[in-house]
Amino acid sequence: GGFLAARLVDRVGPRRYLHAMLWIWIGALFVGIIAAVTLTTWLAWVLGAAGGIALGGVWASDRAYMAALTPREWYGEFYGLYGTVGRFATITGPLLWALVVDGFGADRWVLVAVLVAVVLVSRWILQGVPRVA
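Numbering of the sequence shown is given in my numbering, commencing with residue 4 and proceeding in unit increments.
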């Protein structure tokens with residue numbers, strides 16, 4: 004997804020493309036739900052492809068969006084913060100899963116609901132970020 008994403012980000016803009024990738028993540032989660040309920044194995048291939056496209060797209064568009072939002076003289080500081088937040092996510096992500104599994108059990112519906120909630124909250128937060136060229 005990353006190679007094609009770079010061209011599409013240039014064409015439609017990083018914010019718009021990032022929103023599209025979050026919608027693909029939401030769709031992929033629902034494909035995963037359908038695959039789990041119906042035990043249809045070929046849907047796992049669809050899920051993997053959609054997840055790969057969305058992940059590559061997010062990686063391509065979020066950095067471009069960050070560059071568009073950041074004043075030139077602040078690139079070092081902003082990308083340092085970006086890296087720090089990324090490292091923090093490597094701690095909070097597994098911690099969130101541990102709390103969910105410990106608090107609610109490892110039921111797949113609870114786990115999928117948490118994934119959907121995280122993606123929807125991400126989309127909601129992104130709504131408040133200003134548009135750039």
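For every residue, glycine included, the Cβ atom is placed at its ideal position computed from N, Cα and C.
Under a Cβ-count criterion, where at least 16 other Cβ atoms within 10 Å of its own Cβ denotes burial, should residue i be classed as buried or exposed?
{"i": "W112", "result": "exposed"}
{"i": "Y85", "result": "exposed"}
{"i": "V132", "result": "exposed"}
{"i": "G79", "result": "exposed"}
Which one of the options has the shortest CA to CA distance from residue i?
{"i": "F33", "options": "A23, L21, L46, H22", "result": "L46"}
{"i": "L99", "options": "L7, G79, A120, G83", "result": "A120"}
{"i": "A57", "options": "V122, I94, R134", "result": "V122"}
{"i": "A31", "options": "L50, G108, R90, T95", "result": "L50"}
{"i": "A67", "options": "I128, T44, R14", "result": "R14"}
{"i": "F6", "options": "W28, G96, W62", "result": "W62"}
{"i": "I27", "options": "A9, V124, G55, T43", "result": "G55"}
{"i": "I128", "options": "I94, L114, L25, A8", "result": "L25"}
Is any heavy atom in the ligand NAP found nearer than 7 Å to the beta carbon of residue i?
{"i": "R126", "result": "Of ligands this structure carries none, so the ligand NAP is not represented either."}
May I ask you to report which of helix, strand or coil DSSP gives residue i?
{"i": "D110", "result": "coil"}
{"i": "D95", "result": "First, the amino acid is wrong: residue 95 is Thr here, not Asp. T95 falls in the helix class under three-state DSSP."}
{"i": "T3", "result": "Past the edges of the chain, shown from 4 to 136, lies residue 3, and the structure says nothing about it."}
{"i": "T87", "result": "helix"}
{"i": "G60", "result": "helix"}
{"i": "V132", "result": "coil"}
Only counting the same chain, and skipping five residues up and downstream in sequence, which positions put a Cβ closer than 6 Å to that of residue i?
{"i": "S64", "result": "V12, P17, Y20, L21"}
{"i": "F107", "result": "V113"}
Going straight from the alpha carbon of residue i to that of residue j, what length do you get?
{"i": "D110", "j": "V117", "result": "11 Å"}
{"i": "T219", "j": "R75", "result": "Absent from the model: residue 219. The displayed extent of the chain is 4 to 136, so no value can be given."}
{"i": "W48", "j": "I37", "result": "13 Å"}
{"i": "Y82", "j": "T43", "result": "42 Å"}
{"i": "V88", "j": "I29", "result": "23 Å"}
{"i": "A9", "j": "R134", "result": "18 Å"}
Within the same chain, show all residues whose beta-carbon is closer than 7 Å to that of residue i, passing over the 5 residues directly before and after it, in chain order.
{"i": "A39", "result": "R111"}
Which residues in the same chain have their Cβ closer than 8 Å to the Cβ of residue i, if we skip the five residues on either side of it in sequence?
{"i": "V104", "result": "L114"}
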